[in-house]
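Student:
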Amino acid sequence: MNVLSKIAAAAALVALAACTNPDSLGGDDAVNLNNGVGGTGLASDPTSPAYFQQAIGDRVLFAVDQSTLSDEAQSILSAQAQWLLTNTDYTATIEGHADEQGTREYNLALGARRANAAREFLVSRGVAGSRLKTVSYGKERPIEICSDEGCYAKNRRAVTVLTAGLTG
Amino acid sequence: MMRFLTSLLVGATLLAAPAQAQNQPLRITIDEGIIEPLPLAVPNFVPDGVAATEYATQIAQVVAADLTGSGLFREIPSSAYISQVTSFDAPVQFADWKAINAQALVTGSVSLSGDRLTVRFRLWDVFAGTELGSGLQFAGTTDGWRRMAHKVADAVYSRITGEGGYFDSRVVFVSESGPKDQRRKRLAIMDYDGANVQYLTDSTSIVLAPRFSPTGDRVLYTSYQGGFPRIHILDVGRVEQRVLQSQEGTMSFAPRFSPDGQTVLFSLAQGGNTDLYTMNIASGQSARLTSAPSIETAPSYSPDGSRIVFESDRSGTPQLYIMAASGGEAQRISFGQGRYGTPVWSPRGDLIAFTKQNKGRFHIGVMRTDGSEERLLTASFLDEGPTWSPNGRVIMFTRETQGADGRASLYSVDISGRNLRPVRTPDGGSDPTWSPLLQ
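First to last, the protein sequences are chains A and B. As numbered in my numbering, the first sequence has no gaps in its residue numbers, which increase by one up to the final residue, 169. As numbered in my numbering, the second sequence has no gaps in its residue numbers, which increase by one up to the final residue, 1402.
(1) Under 8 Å by Cβ, that's how I've got T41/A and Y91/A pegged, so tell me the actual separation to the nearest angstrom.
(2) Between the segment 1171-1192 of chain B and chain A, which residues of the former have a C-beta closer than 9 Å to a C-beta of the latter?
(3) Go to L1150/B, then tell me how far its beta strand (DSSP E) extends in each direction, as first and last residue.
(4) Could you give the residue range of the beta strand (DSSP E) that holds Q1282/B?
(5) So, for P1389/B: in the same chain, excluding its five sequence neighbours on each side, which residues have a beta-carbon less than 8 Å away from its beta-carbon?
(6) Within 10 angstroms of the Cβ of Q54/A, are there 16 or more other Cβ atoms? Answer buried if so, exposed if not.
(7) Out of R1295/B, R1302/B, M1359/B, state which residue places its alpha-carbon closest to the alpha-carbon of I1271/B.
(8) I want to know whether the segment 1352-1359 of chain B touches the segment 1118-1127 of chain B - three or more CB-CB distances under 8 Å.
(9) With distances taken Cα to Cα, identify the nearest neighbour of E1017/B among T1031/B, L1075/B, V1005/B, R1387/B.
(10) Please classify D1078/B as buried or exposed, where buried requires at least 16 other C-beta atoms within 10 Å of its C-beta.
(11) Taking 8 Å as the CB-CB limit, is E150/A close to chain B?
(12) In angstroms with no decimal places, state the Cα-to-Cα distance between L1086/B and A1062/B.
(13) So, is the C-beta of A129/A closer than 8 Å to a C-beta in chain B?
(14) Taking the beta strand (DSSP E) that L133/A falls in, what are its first and last residues?
(15) Run down chain B in chain order and give the residues with a C-beta less than 8 Å from the C-beta of L111/A.
(16) Below 8 Å CB to CB, which residues in the same chain sit around D1333/B once its five sequence neighbours on both sides are set aside?
(17) Going by beta carbon distance, what residues of the same chain come within less than 7 Å of W84/A, once the five residues before and after it are set aside?
(18) Could you check whether T135/A and I95/A sit closer than 8 Å to each other, using their CB atoms as the reference points?
(19) Taking S137/A as the query, report the chain B residues whose CB atoms sit under 8 Å from its CB, ordered along the chain.
(20) Report the start-end ranges of each beta strand (DSSP E) in the segment 1152-1237 of chain B that is 3 residues or longer and not cut off at the edges.
(21) DSSP on K1319/B, reduced to helix/strand/coil?
(22) Tell me which same chain residues have a C-beta within less than 6 Å of the C-beta of G1301/B, skipping the five on either side of it?
(23) Return the chain-ordered list of same chain residues with a C-beta closer than 6 Å to the C-beta of S1398/B, the five sequence neighbours on each side being excluded.
(24) Can you give me the C-alpha to C-alpha distance between T1241/B and D1165/B, rounded to a whole angstrom?
(25) Measure the beta-carbon distance from F1101/B to V1082/B and round it to whole angstroms, keeping in mind my assumption that it falls under 8 Å.
(26) Going along chain A, which residues have a C-beta under 7 Å from K1143/B?
(27) DSSP beta-bridge partners for N1382/B?
(28) Relative to the C-alpha of I1152/B, which residue among V1199/B, V1386/B, F1130/B is closest?
(29) Would you say G1392/B reaches chain C, if we count a Cβ-Cβ gap shorter than 8 Å as a contact?
(30) Just to make sure I have the definition right: I need the residues of chain A whose C-beta is within less than 7 Å of the C-beta of G1328/B. Which are they?
(31) Based on Cα-Cα distance, which residue from G1323/B, T1341/B, S1335/B, A1316/B lies nearest to V1329/B?
(32) Using the beta-carbon count (16 or more within 10 Å), is F1298/B buried or exposed?
(33) Would you say L1197/B lies against chain A (beta-carbon separation less than 8 Å)?
(34) Going by beta carbon distance, what residues of the same chain come within less than 8 Å of G1312/B, once the five residues before and after it are set aside?
(35) Which whole-angstrom value describes the C-beta separation of G127/A and L86/A, a residue pair presumed to lie in contact below a C-beta threshold of 8 Å?
(36) Provide the residue(s) that pair with M1359/B in DSSP beta bridges, ordered along the chain.
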């Protein structure tokens, strides 16, 4: 790949990251914790956040009102754990989210449950708890905006957002 | 039923104070249901000079808007008037008002001296041909003209219903703008009717669910400033905020003041589990009230501070529970179909307002504090977050519309379920908290 096409590919990834990871708050205080390092790097590079986000999958989904991890969620989180164990320069904040079917404060608590379920699974696979923070956005940051189950299913999620760690 | 008596009793007792209002002929008794709104005339107040004319007109309009907005009064349009009120002190031409069926008549005067306004008013029982209560006077600077109008309306409401008013009050809410997946939220304050909106925070961080202090001078709310939800306290007068102390690695939200204003009751999520805590605002000393693996959130104190109603999913779905303010055993009070949340104890102590979700619809409802006599007041795709008017007669809440263009806005409804009305705000609005009556 020549330099020009590398730049083009990187730009495309940044654009993709912007589309697929609109969890940012847009505020100054949110830049580090919530944007994380997004999908930077090349998805073909297994040590890149882009690879983590796209090839492994940075999010797991939940059933209505539930915080239990499905088989599919467990396999995604296992792969996330493997990646985190290999790429020790990164820490992560796990963001828990709920769909809009519920009251605001209950959904905050539900999102906290989901984020914690993902975190505990990663810890059980050997990732140091000190590298993993959790935060809940409740129903404040839907990724899909329609009001039916197709959108709700994608909004009930826990997203592992990478941050370049202290050793960066 | 609301009913009004137009007995022709005339006597000296008509000048009695509002506390003895039950002896007065012009009367709305508010209880279970409602009938016809009471016909009311509020002619322009009489200005003491050209400079006061605009205030005199607008004050009368706000008085009329407050009273008709309660759903208990119907305004007779000025086009129907037979006579005009051109002097505050001249005798009222009762026959002219009786002829257009104005049961209540509010007359007033406005005088302006520099930037000082003085507003006087009288309330008349037209069919009895007498004054109801005695004339009152409010004075202040011109920028407070709407408050003076609200105070007149509160006095009229109070004299005719025998209950406290709610018009001279403010609402703090979350102003919302932007699309659903990029929503920007900031705290705002306004008069109860949507006038005089001022913003209290910028929208760089998500802010949620403000709650007024019992004296209306401070507001607690949740903010993501710093990246994680934490409780903030805002001085309304100075528009100064600070974060309350919190424990690293936890999230705190759903804050409410205790009735004495000294303590904050809130939810703290730690390790995925959410429980209720209290913290003394001055000392920072905290206490844990619940320790269950279930979610405990959305608490609300009884007005006497002795009990707490809250939301918990310990039974498998969110339901309402009551426990002592010190914690301990809780009793479930919601037993209807569906899920219950955001309970708020009424300022009178008699009712609990709540959000109910059932069969894909949301409702605002009220029940007695033992869970009996549940009544649903509203129904829509998404109604939530009730807050009580200072007199416990009206509930304001958030209504959000369905779909990709979904938008949140504020509504109010009488506790009878009547008089559902939008509260207009410049942008979208959610999470209202109603102040006590202003002093």
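Ideal Cβ placement from N, Cα and C applies to all residues, glycine included. Bear in mind that the values here come from a model prediction, so they are computed numbers and not experimental data.
Tutor: For this structure:
(1) The sequence position of residue 41/A within the first sequence is 40, counting from 1. The sequence position of residue 91/A within the first sequence is 90, counting from 1. Rounded, the Cβ-Cβ distance is 11 Å, inconsistent with contact.
(2) L1171, A1172, T1185, Y1187, Q1188, G1189, G1190, F1191, P1192
(3) For this step, residue 1150/B is matched to residue 187 along the second sequence. Taken as a continuous stretch (DSSP letters only), the beta strand (DSSP E) holding L1150/B covers 1147-1154.
(4) The residue labelled residue 1282/B in the question sits at position 319 within the second sequence. Counting along the chain, the beta strand (DSSP E) containing Q1282/B begins and ends at 1282-1287.
(5) As a working mapping, residue 1389/B is identified with position 426 in the second sequence. Same-chain partners within the cutoff: S1138, V1160.
(6) Translated into the one-based positions of the first sequence, residue 54/A becomes position 53. Classification of Q54/A: buried, given that the 10 Å Cβ count is 16 or more.
(7) Taking the first residue of the second sequence as position 1, residue 1271/B is located at position 308. Closest option to I1271/B, Cα to Cα, is R1295/B.
(8) yes
(9) The count along the second sequence starts at 1 and reaches residue 1017/B at position 54. Closest option to E1017/B, Cα to Cα, is L1075/B.
(10) Working through the second sequence from its first residue, we reach residue 1078/B at position 115. Counting Cβ neighbours within 10 Å, D1078/B comes out exposed, since fewer than 16 surround it.
(11) Looking up residue 150/A in the first sequence gives position 149. No, E150/A does not count as interfacial toward chain B.
(12) The residue given as residue 1086/B occupies position 123 in the second sequence. The residue given as residue 1062/B occupies position 99 in the second sequence. If I take the Cα positions, the gap works out to 18 Å.
(13) The count along the first sequence starts at 1 and reaches residue 129/A at position 128. Not a single CB atom of chain B sits nearer than 8 Å to the CB of A129/A.
(14) If you number the first sequence from 1, residue 133/A lands on position 132. Unbroken beta strand (DSSP E) run through L133/A: 133-139.
(15) Start at 1 with the first residue of the first sequence, and residue 111/A comes out as number 110. Chain B residues near L111/A: I1258.
(16) For the purposes of this step, residue 1333/B is taken as the residue at position 370 of the second sequence. Around D1333/B: I1296.
(17) Taking the first sequence and counting its residues from 1, the one referred to as residue 84/A is at position 83. Answer for W84/A: F53, I57, listed in chain order.
(18) To locate residue 95/A, count along the first sequence from 1; it is residue 94. To locate residue 135/A, count along the first sequence from 1; it is residue 134. Taking 8 Å as the Cβ cut-off, I95/A and T135/A qualify as a contacting pair.
(19) Numbered from 1 along the first sequence, position 136 holds the residue referred to as residue 137/A. Neighbours of S137/A on chain B, chain order: P1192, M1214, A1232.
(20) 1170-1175, 1181-1186, 1193-1198, 1203-1206, 1214-1220, 1226-1233
(21) Reading the second sequence from its first residue, position 356 is the one you call residue 1319/B. In the structure shown, K1319/B sits in a strand (DSSP, three-state: E or B).
(22) Position 338 of the second sequence, counted from the start, is the residue given in the question as residue 1301/B. For G1301/B, where only same-chain residues beyond five positions count, the Cβ hits under 6 Å are K1319, Q1320, N1321.
(23) Walking along the second sequence from the start, residue 1398/B turns up at place 435. Excluding residues within five positions, the ones whose Cβ falls inside 6 Å are S1132, R1133, F1175, G1179.
(24) Here residue 1241/B is taken as the residue at index 278 of the second sequence, counted from 1. Here residue 1165/B is taken as the residue at index 202 of the second sequence, counted from 1. Their backbone Cα atoms lie some 28 Å apart in a straight line.
(25) Stepping through the second sequence from its first residue, residue 1101/B is reached at position 138. Stepping through the second sequence from its first residue, residue 1082/B is reached at position 119. At roughly 5 Å, the Cβ-Cβ gap stays under 8 Å, so F1101/B and V1082/B are in contact.
(26) Start at 1 with the first residue of the second sequence, and residue 1143/B comes out as number 180. Simply P143, I146.
(27) Working through the second sequence from its first residue, we reach residue 1382/B at position 419. N1382/B is not bridged to any residue.
(28) To locate residue 1152/B, count along the second sequence from 1; it is residue 189. Nearest C-alpha to I1152/B: V1199/B.
(29) The structure shown contains no chain C; its protein chains are A and B.
(30) What you label residue 1328/B is simply residue 365 of the second sequence in a count that begins at 1. Residues of chain A passing the Cβ test: none, with the nearest at roughly 13 Å.
(31) The residue you call residue 1329/B lines up with position 366 of the second sequence. That would be A1316/B, whose Cα lies nearest to the Cα of V1329/B.
(32) In the second sequence, the residue the question calls residue 1298/B occupies position 335. F1298/B should be labelled exposed.
(33) Translated into the one-based positions of the second sequence, residue 1197/B becomes position 234. For L1197/B, no CB of chain A lies under 8 Å from its own CB, so it is not counted at the interface with that chain.
(34) If you number the second sequence from 1, residue 1312/B lands on position 349. Excluding positions up to five away in sequence, the list reads S1265, P1266, D1267, T1332.
(35) As a first step, residue 127/A must be located in the first sequence, where it is residue number 126. As a first step, residue 86/A must be located in the first sequence, where it is residue number 85. G127/A to L86/A, Cβ: 6 Å. Contact.
(36) For the purposes of this step, residue 1359/B is identified with residue 396 of the second sequence, where counting begins at 1. BP columns for M1359/B point to T1350/B, S1375/B.
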